Amino acid sequence: MSERASAAGPAPAGAGPVDLAVVGAGPAGLAAAVTAAGLGLRVTLLDAGDRPGGQFYRHPAPGLGAARPEALHHGWAQFATREAALRAHESAGRITYLPLHHVWTIVPGGAAGDRRGHAAPATEWILHAVAGHAPEERAATVTARAVLIATGAYERQLPFPGWTLPGVVGAGGAQAMLKAGLVLPGRRVVVAGSGPLLLAVAGSLAAAGAVVPAVVEAAAYTAYAGRVPALLRNPGKLVEAATYGGALARHHVRLLTRHAVTEAHGTDRVEAVTVARLDRDWRPLPGTGRRIPCDALAVGHGLVPQLELATGLGCATRTGPDGTVALVLDAEQRTSVPGIWSAGETGGIGGAQLALTEGELAAHSIAGALPGSRLTRGRARLRAFADAMAAAHRPGEGWTGWLRDDAVVCRCEEVSAGRIREAVGDLGARDARSVKLLTRAGMGWCQGRMCGPAVAALAGEEPVPDRRPLSCPVPLRHLAELPCAEH
Amino acid sequence: MRSPRALVGGSPAAAHEITFDGRELPALPGQSIAAVLWSAGVLAWRTTREGGAPRGAFCGIGSCYDCLVTVNGRPNQRACLVPARPGDSVTTQEGTGRADLAV
Numbered sequence: 001m002s003e004r005a006s007a008a009g010p011a012p013a014g015a016g017p018v019d020l021a022v023v024g025a026g027p028a029g030l031a032a033a034v035t036a037a038g039l040g041l042r043v044t045l046l047d048a049g050d051r052p053g054g055q056f057y058r059h060p061a062p063g064l065g066a067a068r069p070e071a072l073h074h075g076w077a078q079f080a081t082r083e084a085a086l087r088a089h090e091s092a093g094r095i096t097y098l099p100l101h102h103v104w105t106i107v108p109g110g111a112a113g114d115r116r117g118h119a120a121p122a123t124e125w126i127l128h129a130v131a132g133h134a135p136e137e138r139a140a141t142v143t144a145r146a147v148l149i150a151t152g153a154y155e156r157q158l159p160f161p162g163w164t165l166p167g168v169v170g171a172g173g174a175q176a177m178l179k180a181g182l183v184l185p186g187r188r189v190v191v192a193g194s195g196p197l198l199l200a201v202a203g204s205l206a207a208a209g210a211v212v213p214a215v216v217e218a219a220a221y222t223a224y225a226g227r228v229p230a231l232l233r234n235p236g237k238l239v240e241a242a243t244y245g246g247a248l249a250r251h252h253v254r255l256l257t258r259h260a261v262t263e264a265h266g267t268d269r270v271e272a273v274t275v276a277r278l279d280r281d282w283r284p285l286p287g288t289g290r291r292i293p294c295d296a297l298a299v300g301h302g303l304v305p306q307l308e309l310a311t312g313l314g315c316a317t318r319t320g321p322d323g324t325v326a327l328v329l330d331a332e333q334r335t336s337v338p339g340i341w342s343a344g345e346t347g348g349i350g351g352a353q354l355a356l357t358e359g360e361l362a363a364h365s366i367a368g369a370l371p372g373s374r375l376t377r378g379r380a381r382l383r384a385f386a387d388a389m390a391a392a393h394r395p396g397e398g399w400t401g402w403l404r405d406d407a408v409v410c411r412c413e414e415v416s417a418g419r420i421r422e423a424v425g426d427l428g429a430r431d432a433r434s435v436k437l438l439t440r441a442g443m444g445w446c447q448g449r450m451c452g453p454a455v456a457a458l459a460g461e462e463p464v465p466d467r468r469p470l471s472c473p474v475p476l477r478h479l480a481e482l483p484c485a486e487h
Numbered sequence: 488m489r490s491p492r493a494l495v496g497g498s499p500a501a502a503h504e505i506t507f508d509g510r511e512l513p514a515l516p517g518q519s520i521a522a523v524l525w526s527a528g529v530l531a532w533r534t535t536r537e538g539g540a541p542r543g544a545f546c547g548i549g550s551c552y553d554c555l556v557t558v559n560g561r562p563n564q565r566a567c568l569v570p571a572r573p574g575d576s577v578t579t580q581e582g583t584g585r586a587d588l589a590v
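Listed below in structure tokens is the structure:
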């Protein structure tokens with residue numbers, strides 16, 4: 001084991017780099033870790049959460065005594081078999097599993113680390129993490145010969161007036177709080193935004209006792225019609241969609257497509273939302289708004305790959321069909337930086353099944369083993385489906401039509417749409433970075449994770465790759481303990 | 488009646504208590520502070536620095552930092568990530584949560 005309590009402290013005797021460090025214990029990272037260990041690698045699996053599963057297989061804490069955690073999940077058995085494998089590999093000493101370890105940076109170590117700026121590929125990597133909860137958090141490092149970044153994604157949010165009211169929560173956030181803590185944000189919950197996650201969220205909220213008056217989807221499902229081949233190659237996905245559709249019908253949930261929540265109303269908390277019809281470009285049609293009373297709104301517009309660790313290493317990126325930035329990966333899940341692999345949503349939003357497949361593919365590549373055609377064909381098929389879905393739900397340009405000037409865009413710094421428009425229109429900002437410098441949008445606690453896509457759209461710019469040198473808050477004493485860089 | 492607990496057949500270990508602004512709230516073992524507050528019907532537990540607007544949990548996964556709260560006197564803790572421990576004193580956080588510094 002190569003973890004040590006402090007970056008400055010001495011390494012335990014005999015500790016060398018592990019063969020593979022996996023960042024993230026969601027579907028991709030978990031599948032990769034157990035597959036790699038099965039292929040003979042010594043693996044350290046680090047995860048910010050306190051239980052394996054990531055956001056998709058998030059499940060109740062053991063103290064909640066859930067007899068049927070699978071009731072909140074699709075494909076739970078695929079998680080259960082891998083979690084059992086993780087525990088077996090842990091007992092056998094092949095995997096060191098480090099929950100509550102939030103990796104905040106990865107740097108080259110060994111010879112390449114000593115000759116920073118030279119072209120020689122790194123032979124080992126040092127991962128720095130914040131471990132544990134405040135106030136007992138401590139610094140931890142792991143050294144590895146190869147790294148798999150499986151950091152997943154967070155939700156994409158498009159702002160609208162009233163979206164900062166208590167009771168307005170992320171659709172994925174509502175799902176996460178339900179899965180882990182068995183709680184609901186309200187009794188009458190409108191679900192809105194865009195993407196297939198909405199159907200799953202509405203289904204589980206309704207099954208858990210909430211009344212869901214409507215699912216409000218900005219895209220039109222007819223957008224899938226042009227993608228029939230990708231759909232037909234994935235009958236399992238169609239069955240999944242039918243399952244969600246059946247659940248919504250059973251709970252009397254209305255599905256409104258090509259509609260959006262254009263405003264949330266209330267003073268101390270949400271009391272109602274306005275829902276309006278959209279044109280093909282997601283522009284709200286005047287005169288179509290109507291109010292739906294509710295005490296919560298679960299809203300999200302798809303997912304954004306979480307890339308700061310990879311972009312910090314210089315990994316190349318591309319823009320996906322949903323308009324988000326994802327990593328460029330080769331057929332074996334390698335990034336453009338030798339020694340760094342990635343799997344799951346970081347390579348483009350594609351769902352848990354694809355993440356499991358990619359994790360196993362990456363593990364084979366890292367171990368130098370042939371993956372077999374099941375994995376390679378599975379990835380191609382699932383990626384085609386994901387791309388079709390991503391294109392269908394890509395936000396239309398007209399969505400800013402519901403963004404009144406007084407609406408908050410940057411939640412942390414409380415910057416309104418009007419101030420951002422002023423920076424763009426009057427002060428000449430042409431990109432999100434200039435808007436940030438002029439208005440502080442994106443400069444707060446979340447570092448633009450929530451407002452980034454919206455600010456980029458208002459600045460008339462395609463989203464650019466995340467550049468955040470620290471992926472989570474790091475106590476200054478941890479930075480002070482780092483060894484000095486050699487020059 | 489349907490409920491999250493009924494859905495998963497949950498039979499939690501004994502509840503413990505935390506306080507929120509002096510009010511005692513039941514907490515189930517393993518729940519985050521945000522989950523304890525949601526189950527008590529509390530959706531807001533801080534005010535913003537500029538506008539003094541109420542905020543609570545939004546992203547639910549530690550990305551948005553909207554759910555910052557003061558726990559046992561320590562401000563700026565993400566309520567959606569921090570587990571509720573028996574006897575925790577959670578208090579509404581106003582602004583930066585550093586009013587005691589008088590800066």
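These protein sequence lines map, in sequence, to chains A and B.
Sequential numbering from 1 applies to the first sequence in the numbering used here.
Sequential numbering from 488 applies to the second sequence in the numbering used here.
A virtual CB, placed ideally from N, CA and C, is assigned to each residue, including glycine.
Keep in mind the model is a prediction, meaning the values are calculated, not measured.
Residue j beta carbon less than 8 angstroms from that of residue i
i	j	result
L46/A	V142/A	yes
A480/A	A459/A	no
Y154/A	Q353/A	no
A207/A	R187/A	no
G444/A	V455/A	no
E137/A	P475/A	yes
A67/A	V495/B	yes
L403/A	A417/A	yes
V239/A	V216/A	no
E332/A	S365/A	yes
T105/A	P338/A	no
G162/A	V168/A	yes
D281/A	G398/A	yes
G582/B	P60/A	no
P463/A	V325/A	yes
Bridge partners - residue i, DSSP secondary structure assignment
i	result
S194/A	H301/A
F507/B	R510/B and V577/B
C410/A	V415/A
Y505/A	No answer is possible for residue 505/A: it lies beyond the span of chain A, which begins at 1 and ends at 487.
W125/A	P108/A and A144/A
Q564/B	V556/B
G170/A	V299/A
T324/A	None; T324/A has no bridge partner.
I292/A	V273/A
W282/A	None, per the DSSP bridge assignment.
G497/B	A66/A
R138/A	A131/A
A21/A	T44/A and V147/A
S526/B	Partner(s): none; S526/B has no beta bridge.
Proximal residues to residue i (C-beta, below 6 angstroms), its chain only, five neighbours per side dropped
i	result
A521/B	A544, C554, A566 and C567
M177/A	V183
V497/A	In the structure as shown, chain A begins at 1 and stops at 487. Residue 497/A is therefore absent and cannot be evaluated.
V107/A	I126
Rounded C-alpha distance that separates residue i from residue j
i	j	result
G378/A	N234/A	10 angstroms
E461/A	R467/A	16 angstroms
A171/A	S194/A	10 angstroms
A391/A	T257/A	16 angstroms
G132/A	Y552/B	18 angstroms
D330/A	S342/A	10 angstroms
A140/A	G266/A	45 angstroms
E413/A	C446/A	10 angstroms
V253/A	L98/A	41 angstroms
I340/A	I548/B	25 angstroms
G351/A	W525/B	28 angstroms
P321/A	Y224/A	13 angstroms
P185/A	A514/B	16 angstroms
Contacting residues, own chain, Cβ-Cβ under 7 angstroms from residue i (five flanking each side not counted)
i	result
S576/B	T506 and N559
S204/A	L72, Q175 and L178
Sequence-distant residues of its chain with Cβ nearer than 8 angstroms to residue i (five each side left out)
i	result
A242/A	none
T335/A	I149, A310, L313, C315, A316, L327, V328, L329, W341 and S342
V409/A	P159, L403, V415, S416, A417, I420, A441, C451, A454, V455 and L458
Under 9 angstroms from the C-beta of residue i: neighbouring residues of chain E
i	result
T535/B	The question asks about chain E, but that chain is absent: this structure's protein chains are A and B.
Query - Cβ pair count under 8 angstroms reaching 3, the segment 85-105 of chain A against the segment 47-56 of chain A - result: yes
Requested in this report: May I ask you to verify whether the segment 344-364 of chain A touches the segment 15-34 of chain A, counting CB pairs closer than 8 angstroms and requiring at least 3?
Outcome: A contact exists between the segment 344-364 of chain A and the segment 15-34 of chain A.
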